[in-house]
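Participant: From first to last, the protein sequence lines are chains A and B.
Everything in the first sequence is counted per this note's numbering, starting at 1 for the first residue and increasing by one.
Everything in the second sequence is counted per this note's numbering, starting at 1001 for the first residue and increasing by one.
Virtual Cβ for every residue (Gly too), placed ideally from N, Cα, C.
Please read all numbers here as calculations on a predicted model, not as lab measurements.
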Amino acid sequence: MDAGAAADGSLAARAEPGAGPSHWLHGYAAMVRWHLLSLRLWAPAATAIEILSGVGMVYGIGLLAPHLSARGALYATTGPAIVALILLGLILGPQLVAQEKMAGRYEYTLTMPVPRSAAAFAWYTVTLLIGLPAAAVTIAAGVVRFGVSLSVSAQLVPALLLGTFAITMLGYALAHAVSKPMATMLITQVLVFVAFGYAPINFPSSQMPHWLVEINRALPFLPMATVVRAGLTRGLVTGVWVSYLVLAAWALGSAWLALRALGRRG
Amino acid sequence: MSCRSCRDSLGLTMASASLAPPPAKSASGAGTGLTIERLTKIYPNGVRANDGISLRVDAGEIFGLLGPNGAGKSTLVQQVIGLLKPTAGSIQLGRFDLVDDPDAARQLCSYLPQAPVPIDALRLREAIELSGLIRTPARRARREDVRRRADELIDALQLREWERMVGTRLSGGVRRLVGFAMAAIQPGALTILDEPTNDVDPLRRRLLWDRVRALSDAGVAVLLVTHNVIEAEKSVDRLAVIDNGRVIAEGTPSSLKSSERGRLRLQVMLAPGVETPPMPGFVERHLRSSHTLLAVIPEAAAADGIEWAQRLLGDGIAEEYALGATTLEDVYIRMTGRVADGDGTG
């Protein structure tokens, strides 16, 4: 049987577009595979860079402030992993999409016969696979460096999943909604600077001006740090449920914007 | 140029001109074909890229879309595949309205874009199989079927020696063939091929055209976008020429060429740096592109044409010439006022 005849054999199946959960799951699984194979060289490198930046941050804080209080040590232990996850979500996706746009390959990705939500969720899954091992190593490095003991609870799972989802979708939405790749890169760089320099993640909010903390409460970075810390420590952070709500709002808004951008026709 | 090479060239041209065009398929499959009606696309900057285009591609038919750069071909394709929304008009694939349902468009149409496919880190075989997996409906996605179809395409396109090589190490032509295989492995009801033979070597071009024909034989409607008029003439069942966003001609290659009956094409390769020589009275029209001078003359003036070309050779103005039957390219030039791009010109 030649290729043409083979095509004929399965042609009838494509006379009707797929729909429903099995179609979604099939598209999702195929796209996860597509991304992992496409990133077979980059994914391990990205995890390594995540670990290097996270562990580097841990030891950098230790050098800057060698005599941290117990509370400060908990912040320094848990903060770098959260910052590294934020950087991953805001940089990796937008950078890859920008590269595709500049190489003229973006169009092909958009024509793949996969539900937009399945494609977005596949990218989120890949981000988790790259980011979570690095986060675990970074936190372990903090524990070793500062000699703290953490109280890990089941709450850590939804906190990491929701936090990473919100940040990844924010990056994904910017990557797809902003047509000019350079503009996307600029916006994500600004957000990275905000997360790095103007968000109380590696230190307590009390060390930051009140008005800036209030702004941060409405942005996704501080709420993500709060919910993840609530899953790693006991009694360190307050306002956890409000943080979950703010994070959920960012997650939904970003996902909506990403799907809208993916489905937009000029 | 020697008389022998002149005859060879003439013979080749005549041979290709005498190839009967593939028989047009009956309209019985039109129910699952593509129907575009009064399609208009006006961009926000006011450019009217498509202006009331209507055309039909039947199931089992290879339909060529020809036109110069900026004619509106890509805009048309992007509306079919769901990347652009028409300003007005309809696009129907079987009973599916692709304007209202771009998701259906992505599932029912396979697409080889003109830009390279994003397979840098994928191995050749992986890329084809993955595309097959993504494109095959969930209920039919059996890994072994996808693998078997990938094998068939790899063999048919003679890609076996590179099957484990990653995209970055593949030549442009091989990548192009991989892109084709990624579409052909599960072609859907409509396959859109945008310049499929770019960078592909002559041997594999033939293999590629065989596979395109196999798709149409299997009942797939094939929309072929190309600049290469000479290849299109040999490959398509019907074609449309578009220019400035409008269809300016449509029909089988033979029907379009019928307007050129009784004429011959005299192709003269000019020496580098020479001015275009004055045209003798029997030349009906001519066009120069780089070193190539294309002139259309009446059949009755064949002897005069050869004598004139020999004189150009003798004066050092020309390096070689060929006289042959008019081709679709001559029709194309007459309609658009431009020589087709691609490598068929020379």
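On the DSSP bridge assignment, give the partners of Phe1063(B) in chain order.
Facilitator: Numbered from its first residue, the second sequence carries residue 1063(B) at position 63. Paired residue(s): Leu1223(B), Arg1238(B).
Participant: Using DSSP bridges, identify the partner residues of Thr1292(B).
Facilitator: The residue given as residue 1292(B) occupies position 292 in the second sequence. Paired residues: Met1269(B), Ser1289(B).
Participant: Between Ser243(A) and Ser206(A), what straight-line distance do the alpha-carbon atoms span, to the nearest angstrom?
Facilitator: Within the first sequence, numbered from 1, the residue matching residue 243(A) stands at position 243. Within the first sequence, numbered from 1, the residue matching residue 206(A) stands at position 206. For Ser243(A) and Ser206(A), the distance between alpha carbons rounds to 17 angstroms.
Participant: In or out: Leu63(A) buried (at least 16 other Cβ within 10 Å) or exposed?
Facilitator: Sequence index remark: in the first sequence, residue 63(A) carries index 63 (1-based). Classification of Leu63(A): exposed, given that the 10 Å Cβ count is below 16.
Participant: Mind checking whether Gly1060(B) and Ser1216(B) have CB atoms under 8 angstroms apart?
Facilitator: Position 60 of the second sequence, counted from the first residue, corresponds to residue 1060(B). Position 216 of the second sequence, counted from the first residue, corresponds to residue 1216(B). Yes, they are a contact pair.
Participant: Alpha carbon to alpha carbon, what distance is there between Glu1195(B) and Arg1263(B)?
Facilitator: One-based indexing of the second sequence puts residue 1263(B) at position 263. One-based indexing of the second sequence puts residue 1195(B) at position 195. Going from the Cα of Arg1263(B) to the Cα of Glu1195(B) covers about 29 angstroms.
Participant: Can you tell me which of the three DSSP states Ile139(A) falls into?
Facilitator: As a working mapping, residue 139(A) is identified with position 139 in the first sequence. Three-state DSSP puts Ile139(A) in a helix.
Participant: Once the 5 residues before and after Leu74(A) are set aside, which same chain residues still bring their CB inside 7 angstroms of it?
Facilitator: Within the first sequence, the letter at position 74 stands for residue 74(A). Val148, Thr233, Leu236.
Participant: Going along chain A in order, which residues have a C-beta closer than 8 angstroms to the C-beta of Gln1347(B)?
Facilitator: This structure cannot settle anything about residue 1347(B), because the visible part of chain B is limited to 1001 through 1346.
Participant: Mind checking which residues open and close the alpha helix (DSSP H) that includes Val283(A)?
Facilitator: Within the shown structure, residues of chain A are numbered from 1 to 266, placing residue 283(A) beyond reach of any answer.
Participant: Run the CB neighbour count on Gly1070(B), radius 10 Å, all protein chains shown included, and call it buried at 16 or more, exposed below.
Facilitator: Residue 1070(B) sits at position 70 when you count from the first residue of the second sequence. Per the 10 Å Cβ criterion, exposed.
Participant: If we count the other Cβ atoms within 10 Å of its Cβ and call it buried at 16 or more, is Trp211(A) buried or exposed?
Facilitator: One-based indexing of the first sequence puts residue 211(A) at position 211. It counts as exposed.
Participant: How would you label Arg264(A), buried or exposed, when you count the other beta carbons within 10 angstroms and need 16 or more for buried?
Facilitator: Position 264 of the first sequence, counted from the start, is the residue given in the question as residue 264(A). Exposed, since its Cβ has fewer than 16 Cβ neighbours within 10 Å.
Participant: In its own chain, which residues sit with a C-beta less than 6 angstroms from the C-beta of Ala199(A), not counting the 5 before and 5 after it?
Facilitator: Sequence index remark: in the first sequence, residue 199(A) carries index 199 (1-based). Within the same chain, Ala199(A) has close Cβ partners Asn216, Phe221, Leu222.
Participant: If you run the structure through DSSP and keep just helix, strand and coil, what is Thr168(A)?
Facilitator: As a working note, residue 168(A) is residue 168 in the first sequence. Helix, per DSSP.
Participant: By the 10 Å Cβ neighbour count, where 16 or more other Cβ atoms means buried, how is Arg1143(B) classified, buried or exposed?
Facilitator: Stepping through the second sequence from its first residue, residue 1143(B) is reached at position 143. Counting Cβ neighbours within 10 Å, Arg1143(B) comes out exposed, since fewer than 16 surround it.
Participant: List the residues of chain A whose Cβ lies closer than 8 angstroms to the Cβ of Lys1085(B), in chain order.
Facilitator: For the purposes of this step, residue 1085(B) is identified with residue 85 of the second sequence, where counting begins at 1. Those within 8 angstroms of Lys1085(B) in chain A are Arg265, Gly266.
Participant: Which full runs of the beta strand (DSSP E) of 3+ residues lie inside the stretch 1049-1137 of chain B, going along the chain?
Facilitator: 1062-1066, 1088-1093, 1109-1112
Participant: Using 8 angstroms as the threshold, is the stretch 1108-1123 of chain B in touch with the stretch 1145-1155 of chain B, meaning 3 or more CB pairs across them?
Facilitator: no
Participant: Quick one: what's Lys180(A) bridged to in DSSP?
Facilitator: The residue given as residue 180(A) occupies position 180 in the first sequence. Paired residues: none, contrary to the question.
Participant: Any idea what DSSP makes of Thr1168(B), helix, strand or coil?
Facilitator: As a position in the second sequence, residue 1168(B) is number 168, starting the count at 1. Looking at Thr1168(B) - three-state DSSP - the assignment turns out to be helix.
Participant: How many whole angstroms separate the CB atoms of Ile51(A) and Val143(A), which I take to be in contact at a CB cut-off of 8 angstroms?
Facilitator: Sequence index remark: in the first sequence, residue 51(A) carries index 51 (1-based). Sequence index remark: in the first sequence, residue 143(A) carries index 143 (1-based). Their Cβ separation, rounded to whole angstroms, is 15 angstroms, which puts Ile51(A) and Val143(A) out of contact at 8 angstroms.
Participant: For a contact meaning CB atoms closer than 8 angstroms, what does Glu1307(B) contact in chain A?
Facilitator: Start at 1 with the first residue of the second sequence, and residue 1307(B) comes out as number 307. Neighbours of Glu1307(B) on chain A: none; closest Cβ ~49 angstroms, over 8 angstroms.
Participant: Below 7 angstroms CB to CB, which residues in the same chain sit around Val83(A) once its five sequence neighbours on both sides are set aside?
Facilitator: Walking along the first sequence from the start, residue 83(A) turns up at place 83. Only Met57, Ala195, Phe196, Ile201, Asn202 meet the Cβ criterion.
Participant: For Val1220(B) and Pro1187(B), which I take to be in contact (beta-carbon distance under 8 angstroms), what is that distance rounded to the nearest angstrom?
Facilitator: One-based indexing of the second sequence puts residue 1220(B) at position 220. One-based indexing of the second sequence puts residue 1187(B) at position 187. With 8 angstroms as the limit, Val1220(B) and Pro1187(B) qualify as a contact, their Cβ atoms being about 5 angstroms apart.
Participant: Strictly below 9 angstroms CB to CB, what residues from chain B border Tyr28(A)?
Facilitator: Residue numbering aside, residue 28(A) sits at position 28 when the first sequence is read from its first letter. Those do not exist, as Tyr28(A) stays about 10 angstroms from chain B at its closest Cβ, beyond 9 angstroms.
Participant: I'd like to check one pair, Leu1294(B) with Ile1333(B): are the Cβ atoms closer than 8 angstroms?
Facilitator: Taking the second sequence and counting its residues from 1, one reaches residue 1333(B) at position 333. Taking the second sequence and counting its residues from 1, one reaches residue 1294(B) at position 294. Contact flag set, yes.
Participant: Leaving out five residues on either side along the sequence, give the residues of the same chain with a beta carbon under 6 angstroms from the beta carbon of Arg229(A).
Facilitator: Numbered from 1 along the first sequence, position 229 holds the residue referred to as residue 229(A). For Arg229(A), where only same-chain residues beyond five positions count, the Cβ hits under 6 angstroms are Thr78, Leu236, Val237.
Participant: Straight-line CA distance for Lys958(B) to Ala1302(B)?
Facilitator: Residue 958(B) lies beyond the residue range present for chain B, which begins at 1001 and ends at 1346; the question has no answer from this structure.
Participant: Rounded to a whole number of angstroms, what is the C-alpha to C-alpha distance between Ala23(A) and Ala1105(B)?
Facilitator: Stepping through the first sequence from its first residue, residue 23(A) is reached at position 23. Stepping through the second sequence from its first residue, residue 1105(B) is reached at position 105. It should be noted that the sequence gives His, not Ala, for residue 23(A). In a straight line, the C-alpha of His23(A) is about 15 angstroms away from that of Ala1105(B).
Participant: Using C-beta distances below 6 angstroms, list every residue in its chain close to Thr1336(B), excluding the 5 sequence neighbours before and after it, in chain order.
Facilitator: The residue you call residue 1336(B) lines up with position 336 of the second sequence. So the list reads Pro1068, Asp1243, once near-sequence residues are dropped.
Participant: Which class does Thr1191(B) belong to by DSSP, given the choice of helix, strand or coil?
Facilitator: Residue numbering aside, residue 1191(B) sits at position 191 when the second sequence is read from its first letter. Three-state result, Thr1191(B): strand.
Participant: State yes or no: is the beta carbon of Ser22(A) nearer than 8 angstroms to at least one beta carbon in chain B?
Facilitator: Within the first sequence, numbered from 1, the residue matching residue 22(A) stands at position 22. Answer yes: the Cβ-Cβ gap between Ser22(A) and chain B drops below 8 angstroms somewhere.
Participant: Can you pull the chain B neighbours of Arg260(A), defined as C-beta to C-beta under 9 angstroms?
Facilitator: Against the first sequence, residue 260(A) aligns to sequence position 260. Under the 9 angstroms cutoff, chain B gives no residues; its nearest Cβ is about 13 angstroms from Arg260(A).
Participant: Have a look at Arg105(A), Lys101(A), Ala120(A), Ile86(A) and flag the residue whose alpha-carbon is nearest the alpha-carbon of Tyr267(A).
Facilitator: Outside the shown range of chain A (1 to 266) lies residue 267(A), about which nothing can therefore be said.
Participant: Would you mind working out which of Asp1145(B), Arg1246(B), Glu1163(B) sits nearest Ala1049(B), comparing C-alpha positions?
Facilitator: Position 49 of the second sequence holds residue 1049(B). Looking at the Cα atoms, Arg1246(B) is the closest of the given residues.
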